[in-house]
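Undergrad: Structure below; questions to follow.
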Amino acid sequence: MKRARTPVTLLRIAIALLGLGIAALLYAFPLYWLVVTSLKTKSELFAATIHLLPHNATIEPYVSVLIDRGFWVLLKNSIIVCFFTVVVTIVVGLIITYPITRLAVPVRLRVGVLNWALSLRFLPPIAVVIPYFAIVRTLQIYDQPIALIGIYSLFNLPFAIWMLKGFLTEIPLELEDAAMVDGANRWTSFLRVLLPLAAPGIMAAGIIVFTFSWSEFLFALILTATPNAQTFPVGVQGLVTQFEIIWNDMAAAGVIAMAIPLALMVIARKYVVAGLTFGVIREK
Amino acid sequence: MSRLVAELPAPTDERPVRVGRRRRGRQERLAYLILLPALGTVFVIVTIPFIVVLIQSVTADDGSFLGLRNFTRALANPLFYEALRATGVYALIVLPSEIVLGLGFALLVHRTVRRAGLRATLYVLAVLPLVVPPVAIGVVARLIYAPGYGVLNIILERLGLIHQEIQWLSNPTLAMLSVASVDVWQWTPFVYLVLFAGLQTVPRESVEAAQVDGAGWWTQFRYIELFYLRPLFLLILFFRLADVLRVFDHVYILTGGGPGTTTQLLSLYLYRTEFKFFDTGQAAALAVVVLVSISILYSLITRVLPLERA
């Protein structure tokens, strides 16, 4: 159906386009500026004019951050911490969600577990940072990756539980039943039937837990002190507060910090919103 | 093309798994056998810090019992009320801005963008800010607002709008707005995604019926769409409130709580009390106050929350 374009509709289209244009600019400019800045040479930092467009682009700041400042170690720490966080969170998440989705349990138990997980989502880390600091020092795991792995696993568990619950309930019970009728025990049917079917969902949950742990800053700031366990965001923060004047390095570090979650998210984009809203919003 | 929808729970008490009574008993036992060790461990790990912080809040550093002295000290401290105020102002700036902007875009895209490919692109673009580490956005914000090299001043100068640097981060009002703008940048897309998904659940027939009756876009929104979005607003409020209470990273990087204490949100204040002033007693008392208030807030808000639980 083609409608005649009256001046009023034209005006409306103009307003809509203007709104979208401004939004696009506000959305994209900060990211654009981060990337452009990260490609500037050191001499440009002290030049009289600042170029808004890429000018003599160089990867020098990236080399400076990763090699000269030794941030590759922090990158390695981040990857180790996030990887083990994902493993622990997903395994514990499956142990908790399997019985409440695949076995006949009272509804009360199911609701209780889910509510409890949800309430953890509301817990502000800052309120428990103080006791955790004391506990971690007592256990003598201060400045060690394992302290972060434990805490990140705990704080990501609510997301994992709710996401895995969503994926597991979607797989028909009959499939497992059929395997068990054919002589498989519960463990084999979990391993051979359920796990492969749930793999894409588990993968998505894993990616989301990975990116959340990757971004975490407060616990990493408080529970680490040296490159032995410091994660990448802590390093970025150090660049800002200590060497602020070298802002091309700062930008390069920012780009690196963003790159990994963004790349992962392109893979798991379908599940991000479901994860963040505990399954209320989902892709159909 | 798959599409994003909001799935609100239908009230149901149907048991998810139906089996015979005999098998049920066996399965239930197995369920407890798997659940109890895992839940027990997690529960202990979650609970220990609460006990530790309670003990810390009523003792001195040498372990002697102080009673409620830490609490009276924490609650008598004017900095606490400044932090509360800053948190309140922050929430009052970011929550309405994000909801209004997110709703505006959701309606705009819902009404004007019909191409599935474009909608999918917008979806990806909206997801990206949600996964950017707040620390990295803090860096971006410094590159924009910082004195000297901040690009916003440079652009405004080139456009001839200003002749003198604006002190984005050292003017109290502007500092709060700068800090809040980061939040709005990162989380408006989230509101957009949720409300856009909500708009997809509005039955087409009721909208068409209204249009036949001559309803304009406002009437259509006010009397039809708003009805379907209402539970989602609650949901957004719940998650955004939880996040506002934990905001730390980008403020720490951008202003560090300054100038003075104007952007010193509750989380930054607690951090400073413990790790800059090393006043564990007072910080622990504050943490207990925060935990108790949050539990109350949580129990109030979850009663009306439209989440699927069964």
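Protein chains in written order, with the numbering used here: chain A, 38 to 321; chain B, 88 to 397.
Glycine included, every Cβ here is placed at the ideal spot set by N, Cα and C.
Every value quoted in this text rests on a predicted model; they were computed, and no experiment measured them.
1) Determine, for T74 of chain A, whether the minimum Cβ-Cβ distance to residues of chain B falls below 8 Å.
2) Residues of chain A with CB closer than 7 Å to the CB of P136 of chain B, please, in chain order.
3) Within the segment 272 to 348 of chain B, note down every full alpha helix (DSSP H) run reaching 4 residues or more, in order along the chain.
4) Buried or exposed: which applies to R202 of chain B, given that a residue is buried once 16 or more other Cβ atoms fall within 10 Å of its Cβ?
5) Closer than 6 Å by C-beta to G344 of chain B: which residues in its own chain qualify, once you throw out the five before and the five after it? Chain order, please.
6) Quick one: any contact between the segment 77 to 86 of chain A and the segment 233 to 243 of chain A, if contact means 3 or more CB pairs under 8 Å?
7) Output, in chain order, the set of chain A residues within a Cβ distance shorter than 7 Å of Q114 of chain B.
8) How would you write the range of the alpha helix (DSSP H) that A161 of chain B sits in, first residue to last?
9) By the DSSP assignment, the alpha helix (DSSP H) with A371 of chain B in it spans what residues?
10) Please name the residue, chosen from B:D270, B:L392 and B:L313, that lies closest to I180 of chain B on a Cα-to-Cα basis.
11) If you measure from the beta carbon of Y179 of chain A to each beta carbon in chain B, is any gap under 8 Å?
12) When the Cα atoms are used, what is the spatial distance from I137 of chain A to S144 of chain B?
13) Along the alpha helix (DSSP H) that carries Q279 of chain A, what are the first and last residues, could you check?
14) Taking the alpha-carbon positions, what's the A207 of chain B to V187 of chain B distance?
15) Taking only the alpha-carbon atoms, compute the straight-line gap between S89 of chain B and R245 of chain B and give it to the nearest angstrom.
16) Check whether the Cβ atoms of P270 of chain A and G107 of chain A sit closer than 8 Å, and answer yes or no.
17) Between the Cα of L210 of chain A and those of A:V273, A:A171, A:T261 and A:R223, spot the shortest distance and give me the residue it belongs to.
18) Go ahead and label F326 of chain B buried or exposed: buried means 16 or more other beta carbons lie within 10 angstroms of its beta carbon, across all protein chains shown.
19) Closest Cβ-Cβ distance between A288 of chain A and chain B: below 8 Å?
20) Report the residue ranges of all alpha helix (DSSP H) runs contained in full by the segment 106 to 166 of chain A; include only those spanning at least 4 residues, in chain order.
21) Between Y99 of chain A and A289 of chain A, which are expected to be in contact by the criterion C-beta below 8 Å, what is the C-beta distance as a whole number of angstroms?
22) Counting only runs that start and end within the segment 218 to 263 of chain B, where is the alpha helix (DSSP H) found for 4 or more residues in a row?
23) Using a Cβ-Cβ cutoff of less than 8 Å, which residues in the same chain neighbour I293 of chain A once the five nearest sequence positions on both sides are dropped?
24) If we count the other Cβ atoms within 10 Å of its Cβ and call it buried at 16 or more, is H337 of chain B buried or exposed?
25) Contact defined as beta carbons within less than 8 Å: I believe W398 of chain B pairs with S265 of chain B. What is the distance between those atoms, to the nearest angstrom?
26) Could you tell me the alpha carbon to alpha carbon distance between A94 of chain A and S75 of chain A, rounded to whole angstroms?
27) Hey, L194 of chain A and L155 of chain A: beta-carbon distance below 8 Å or not?
TA: On the basis of the data shown:
1) yes
2) V165, P168, Y169 and I172
3) 291 to 299, 304 to 307, 313 to 331 and 336 to 341
4) exposed
5) T350, Q351 and L355
6) no
7) L140 and A141
8) R156 to A163
9) T367 to T389
10) B:D270
11) no
12) 37 Å
13) F269 to Q279
14) 22 Å
15) Annotation note: pLDDT 48 at S89 of chain B (below 50); position unreliable, no value reported.
16) no
17) A:R223
18) buried
19) yes
20) 108 to 139 and 144 to 158
21) 5 Å
22) 221 to 232 and 238 to 245
23) Y99, V102, L103, F108, L112 and F269
24) buried
25) Nothing in the structure corresponds to residue 398 of chain B, since chain B is present only between 88 and 397.
26) 9 Å
27) no
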